[in-house]
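Written below as structure tokens is the structure these notes are about.
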């Protein structure tokens, strides 16, 4: 019976839902520490390689390490700049590693300027420690300048030795030119930081000391010291034994006194660079140069080399003979002649 009210005969039906993709349940956040024992040998190998590389970078000196050189840190140069320079020239394997070591040792960003002598290969750690503690370790270097070398030869010899980082060959030639003949050949002890001016002053000071031992003989000889040194520079190049030097000194002083041409081949080193008599041509003998003693009488305007004490001593102790000519044969023996014809005969006999 309908009494006008709405009634449900039964419970309302359940809503019908379409099938939807089901999301997998979330796993709790965690780190998987499980390790495959099959990967353990590979891990050990990689770790060992890393240790070896790290050790070599820090404690092994690179094969390219520039020994017998000077490391110069300029004023205001930064740690980064030094580190990159060291890596670039092969002193350290890694600029980054070197910087890290320096920082770990308490080094500042700006390093103390100075020169460090690298006499042997060192690791990055050892080198960093030296720089940190300003251990320059500069020691004298022994160097021998032979008798008879010119200032140009001396400059080239020292410049070739890379241990002398501050030596400027061009500067030495420029400032030493006026002192040719007075750069005393000897064995010297120079610091790696020696400059061109230092070398020049040392050689000049040595000359003053050594020439004093011959002061009385030079005074007795009676010729100006300038002429003695010029002649000695010729004698140094023309002969090798004491006797031959004294004999040639007697010949050349006599030719000079008698207004004859000296005609010495050694002077051509200052004319056209030719040192050996065998290199000279007839055209060379006619070159217009004050050092060409085949053209101009008298001594050259200056020494042609830097003579040693033995040559200077022989120059002021000449042996007087009847000879006017001499030559060196193919075996290095001296041959003398009184006349020009005898000299020509010696040439044909000993030089042909």
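Residue numbers (my numbering): 40 to 391.
For glycine and all other residues, C-beta sits at the position ideal for the given N, C-alpha and C.
These numbers come from a predicted model, not from an experiment.
Inset, instruction - Whole angstroms is fine: what's the gap from residue 254's alpha carbon to residue 352's? - result: 10 Å
Inset, instruction - Count the CB pairs spanning the stretch 288-304 and the stretch 241-250 that are closer than 8 Å, and state whether there are at least three. - result: no
Legend entry - For residue 285 and residue 358, the rounded distance between their alpha carbons: 5 Å
Legend entry - Run of the beta strand (DSSP E) containing residue 242, from where it starts to where it stops: It is not in any beta strand (DSSP E) - residue 242 instead sits in the alpha helix (DSSP H) that spans 235-250.
Inset, instruction - Using the DSSP secondary-structure output, state which residues sit across from residue 109 in a beta bridge. - result: 156
Legend entry - Exposure label - residue 304; buried when at least 16 CB within 10 Å: Residue 304 counts as buried, since no fewer than 16 other beta carbons sit within 10 angstroms of its beta carbon.
Legend entry - Nearest-angstrom Cβ-Cβ length linking residue 229 and residue 180, presumed shorter than 8 Å: 6 Å
Inset, instruction - Ignore the nearest five residues each way along the sequence and tell me which others in residue 275's own chain have a CB closer than 7 Å to its CB. - result: In its chain, beyond the 5 residues on either side, 186, 187, 344, 346, 347 and 350 have a beta carbon closer than 7 Å to the beta carbon of residue 275.
Inset, instruction - Could you name the residues that DSSP lists as bridge partners for residue 227? - result: 182
Inset, instruction - Can you check DSSP and say which residues form a bridge with residue 374? - result: 366
Inset, instruction - Just confirm the distance between the C-beta atoms of residue 236 and residue 190, as a whole number of angstroms; I'd bet it's less than 8 Å. - result: Contact flag wrong, Cβ pair sits at about 13 Å.
Legend entry - Separation of residue 121 from residue 141, as counted between CA atoms: 11 Å
Legend entry - Exposed unless 16 or more other CB atoms sit within 10 angstroms - verdict on residue 390: exposed
Inset, instruction - Examine chain B for any beta-carbon lying closer than 7 Å to the beta-carbon of residue 126, and answer yes or no. - result: Protein chains in the displayed structure number just one, and chain B is not present.
Inset, instruction - Taking the CB atoms as reference points, tell me whether residue 267 and residue 354 lie closer together than 7 Å. - result: In this structure, residue 354 lies closer than 7 Å to residue 267 by Cβ.
Legend entry - residue 293 - containing alpha helix (DSSP H), residue span: 281-296
Inset, instruction - Note down the Cα distance separating residue 340 from residue 381, rounded to an integer number of angstroms. - result: 30 Å
Legend entry - Own chain residues within Cβ distance below 8 Å of residue 101, not counting five before or after: 129, 130, 131, 132 and 160
Inset, instruction - Report the three-state DSSP secondary structure of residue 117 (helix, strand or coil). - result: If DSSP states are grouped into helix, strand and coil, residue 117 belongs with the strands.
Legend entry - First and last residue of the uninterrupted alpha helix (DSSP H) at residue 203: It is not in any alpha helix (DSSP H) - residue 203 carries neither H nor E in the DSSP assignment.
Legend entry - Minimum C-alpha distance to residue 210 - residue among 198, 316 and 202: 198
Legend entry - Integer-rounded CB distance, given that residue 157 should sit under 8 Å from residue 105: The C-beta distance from residue 105 to residue 157 rounds to 6 Å, short enough to meet the 8 Å contact threshold.
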